[in-house]
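Engineer:
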Amino acid sequence: MNAPTSVPFARRHLLRIEGLSAAEINGLLDLADSYVELNRQVEKKQSVLRGRTQINLFFESSTRTRTSFELAGKRLGADVINMSVEGSSIKKGETMIDTAMTLNAMHPDVLVVRHHDSGAVELLSQKVDSAVINAGDGSHEHPTQALLDALTIRRRRGKLAGLTVAICGDVLHSRVARSNIHLLTTMGIEVRVIAPPTLLPRFIDRLGVGVFYDMKKGLQGCDAIMMLRLQTERMHGAFVPSIREYFRFYGLDKEKLASAKPDALIMHPGPMNRGVEIDTVLADDIDRSVIREQVEMGVAVRMACLQALLVPAPNRAAKVERLRTVLFGP
Ligand code: ASP
11 MNAPTSVPFA
21 RRHLLRIEGL
31 SAAEINGLLD
41 LADSYVELNR
51 QVEKKQSVLR
61 GRTQINLFFE
71 SSTRTRTSFE
81 LAGKRLGADV
91 INMSVEGSSI
101 KKGETMIDTA
111 MTLNAMHPDV
121 LVVRHHDSGA
131 VELLSQKVDS
141 AVINAGDGSH
151 EHPTQALLDA
161 LTIRRRRGKL
171 AGLTVAICGD
181 VLHSRVARSN
191 IHLLTTMGIE
201 VRVIAPPTLL
211 PRFIDRLGVG
221 VFYDMKKGLQ
231 GCDAIMMLRL
241 QTERMHGAFV
251 PSIREYFRFY
261 GLDKEKLASA
271 KPDALIMHPG
281 PMNRGVEIDT
291 VLADDIDRSV
301 IREQVEMGVA
311 VRMACLQALL
321 VPAPNRAAKV
331 ERLRTVLFGP
């Protein structure tokens, strides 16, 4: 299989979904879609990123995102290096910016960064020469998660516009929710958030979503249900009375699911807490749960993002060349 050609994506970094146009999102999804088949073949290696260096710099733990960025880079032929805080000089007191500048001096082409503070990845992107991809910053954004969620829905439903999607649970602390709200509303989806008032940001309705405090009401007529983990690591104080009570009112079980469309997709970005936000039987229901498919789409989406940032689409390269000729002569 030949490597799919790139898409026009005239940005240096991928820091957030907010501000991306529907055309940019569709371009990334189309490119990712073309990689799904490749990833199912025995021979997966491409040379699109041969000679490029990708450094994954994770200040916060990760299973899916880090592994899939590593696989994505390797499948496209890049040299990929993983750095985690545990084994780095950050443990000796080096700051994030000093660490980034050190890595910058080694001329990477792309840094994939996860950090526990909202805004930290953007700050880092202003200091380095390489492209930067946000792999999750605090409770701000997780752009590649929203893209992989959208690809999963689009492949299952054949479209995005006109669907209704519910995002349920700890919206307040969730970068997944924020990125998804921006992406899904941009693509013409009706988005609902369902949570106890303590787990919803103030003025969330200003993002163009419907707000529900009752699962059964909020799930009515939904095409997809995104469950969120209770992010206790970001909680200071008590946000729910007890786990048992939380599951009773906001955990997805068979009874609440019955309010959604009969073929509504069950989604979760992982890691899941079974019996807290989702019933274990539903999580594994092969007819309804697309949680593993989300993970599969994650590799394809990350391949597309790396390629779009590092390999300009031919028409974009031609435009740049034309502009250069006009400005500086042939
Ligand atoms: N894995 C997702 C994230 O990094 C969701 C979660 O941790 O609950 O934001």
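For the sequence shown, the numbering used here assigns the number 11 to the initial residue and increments by one for each residue that follows.
Idealized CB from N, CA, C, for every residue including glycine.
Since the model is a prediction, treat every value here as computed from it, not as a measurement.
1) According to DSSP, simplified to helix, strand and coil, what is residue 44?
2) Per DSSP, residue 151 forms a beta bridge with which residues?
3) Taking buried to mean at least 16 other C-beta atoms within 10 Å of its own C-beta, is residue 266 buried or exposed?
4) Mind checking whether residue 275 and residue 166 have CB atoms under 9 Å apart?
5) I'd like to know whether the C-beta atoms of residue 239 and residue 179 end up nearer to each other than 9 Å.
6) Quick check on this structure: which residue in 314, 308, 287, 112 has the alpha carbon closest to the alpha carbon of residue 257?
7) To the nearest angstrom, how far is it from the Cα of residue 207 to the Cα of residue 53?
8) What is the C-beta distance between residue 291 and residue 277, in whole angstroms, given that I count them as a contact (C-beta under 8 Å)?
9) For residue 241, which of 225, 283, 222, 105 has the nearest alpha-carbon?
10) Quick check on residue 31: buried or exposed, where buried means 16 or more other Cβ atoms within 10 Å of its Cβ?
11) I need the straight-line Cα distance from residue 63 to residue 88, nearest angstrom please.
12) Would the beta-carbon of residue 140 be found less than 8 Å away from any heavy atom of the ligand SAM?
13) Please look up how many angstroms separate the CB atoms of residue 15 and residue 323, rounded, as I've assumed it's under 8 Å.
14) When the distance is taken between beta carbons, is residue 151 closer than 9 Å to residue 173?
15) For residue 93, does the three-state DSSP call read helix, strand or coil?
16) In three-state DSSP terms, what is residue 221?
17) Give me the residue from 70, 27, 23 with the minimum Cα distance to residue 188.
18) Where do the N-terminal and C-terminal ends of the beta strand (DSSP E) with residue 109 fall, by residue?
19) Inspect the beta-carbon positions of residue 122 and residue 147 and report whether they are closer than 9 Å.
20) Determine the closest residue to residue 169 out of 222, 233, 34, with distance taken between C-alpha atoms.
21) Assuming contact is defined by CB atoms lying nearer than 9 Å, are residue 9 and residue 105 in contact in what I supplied?
22) Does the beta-carbon of residue 296 have 16 or more other beta-carbons within 10 angstroms, so that it is buried, or is it exposed?
23) DSSP has residue 67 in a bridge; who is on the other side?
24) With DSSP collapsed to three states, give me the class of residue 142.
25) By the 10 Å Cβ neighbour count, where 16 or more other Cβ atoms means buried, how is residue 78 classified, buried or exposed?
26) Compute the distance between the beta-carbons of residue 371 and residue 319, then report whether it is under 9 Å.
27) Using the Cβ count rule (16 or more neighbours within 10 Å means buried), how would you classify residue 1?
28) Please report the straight-line C-alpha distance between residue 307 and residue 35, rounded to a whole angstrom.
29) On the criterion of 16 or more Cβ atoms from any shown chain inside 10 Å, does residue 68 qualify as buried, or is it exposed?
30) For residue 125, I'd like the list of residues in its chain whose CB is within less than 6 Å of its CB, leaving aside the five on either flank, ordered along the chain.
Structural biologist: On the basis of the data shown:
1) What you label residue 44 is simply residue 34 of the sequence shown in a count that begins at 1. The answer is helix: DSSP assigns residue 44 an H, G or I state.
2) As a working mapping, residue 151 is identified with position 141 in the sequence shown. DSSP, once it has assigned bridges, lists 147 as partnering residue 151.
3) Numbered from its first residue, the sequence shown carries residue 266 at position 256. Counting Cβ neighbours within 10 Å, residue 266 comes out buried, since at least 16 surround it.
4) Translated into the one-based positions of the sequence shown, residue 275 becomes position 265. Translated into the one-based positions of the sequence shown, residue 166 becomes position 156. Contact: yes.
5) As a first step, residue 239 must be located in the sequence shown, where it is residue number 229. As a first step, residue 179 must be located in the sequence shown, where it is residue number 169. Going by C-beta atoms, residue 239 is nearer than 9 Å to residue 179.
6) The residue labelled residue 257 in the question sits at position 247 within the sequence shown. Out of 314, 308, 287, 112, 287 has the C-alpha closest to the C-alpha of residue 257.
7) As a position in the sequence shown, residue 207 is number 197, starting the count at 1. As a position in the sequence shown, residue 53 is number 43, starting the count at 1. Each residue's alpha carbon lies about 49 Å from the other.
8) Position 281 of the sequence shown, counting from 1, holds the residue named residue 291. Position 267 of the sequence shown, counting from 1, holds the residue named residue 277. In fact, because the Cβ distance is near 16 Å, the residues do not count as touching under 8 Å.
9) On the sequence shown, position 231 is the one that residue 241 refers to. That would be 283, whose Cα lies nearest to the Cα of residue 241.
10) Here the question's residue 31 lines up with position 21 in the sequence shown. So residue 31 counts as exposed.
11) Numbered from its first residue, the sequence shown carries residue 63 at position 53. Numbered from its first residue, the sequence shown carries residue 88 at position 78. Approximately 6 Å, taken between the alpha carbons.
12) Questions concerning the ligand SAM fall outside what the structure shown contains, since the ligands it does hold are the ligand ASP.
13) To locate residue 15, count along the sequence shown from 1; it is residue 5. To locate residue 323, count along the sequence shown from 1; it is residue 313. Their Cβ separation, rounded to whole angstroms, is 7 Å, which keeps residue 15 and residue 323 in contact under 8 Å.
14) Within the sequence shown, numbered from 1, the residue matching residue 173 stands at position 163. Within the sequence shown, numbered from 1, the residue matching residue 151 stands at position 141. For residue 173 and residue 151, no; Cβs fall outside 9 Å.
15) As a working note, residue 93 is residue 83 in the sequence shown. Here residue 93 sits in strand by DSSP.
16) Mapped onto the sequence shown, residue 221 falls at position 211. In this structure, residue 221 counts as strand in the three-state DSSP scheme.
17) Against the sequence shown, residue 188 aligns to sequence position 178. Of the listed residues, the one whose Cα sits closest to residue 188 is 27.
18) For the purposes of this step, residue 109 is taken as residue 99 along the sequence shown, with counting starting at 1. Counting along the chain, residue 109 falls outside any beta strand (DSSP E), though it belongs to the alpha helix (DSSP H) covering 106 to 114.
19) Counting from 1 along the sequence shown, the entry for residue 122 is found at position 112. Counting from 1 along the sequence shown, the entry for residue 147 is found at position 137. Not in contact: residue 122 and residue 147 (Cβ atoms no closer than 9 Å).
20) Reading the sequence shown from its first residue, position 159 is the one you call residue 169. Among 222, 233, 34, the Cα nearest to that of residue 169 belongs to 233.
21) The shown model of the chain, from 11 to 340, leaves out residue 9, and the question about it has no answer.
22) For the purposes of this step, residue 296 is taken as residue 286 along the sequence shown, with counting starting at 1. So residue 296 counts as exposed.
23) Position 57 of the sequence shown, counting from 1, holds the residue named residue 67. The partner list for residue 67 (beta bridge, DSSP) reads 93, 123.
24) Numbered from its first residue, the sequence shown carries residue 142 at position 132. DSSP places residue 142 in strand when its eight states are reduced to three.
25) Counting from 1 along the sequence shown, the entry for residue 78 is found at position 68. The residue is buried, with at least 16 neighbouring Cβ atoms inside 10 Å.
26) Here the chain has residues from 11 to 340 only, and residue 371 is not among them.
27) The displayed coordinates of the chain run from 11 to 340. Any statement about residue 1 would go beyond what the structure contains.
28) Numbered from 1 along the sequence shown, position 297 holds the residue referred to as residue 307. Numbered from 1 along the sequence shown, position 25 holds the residue referred to as residue 35. Going from the Cα of residue 307 to the Cα of residue 35 covers about 15 Å.
29) Position 58 of the sequence shown, counted from the start, is the residue given in the question as residue 68. That one is buried.
30) Position 115 of the sequence shown holds residue 125. 69, 131, 147.
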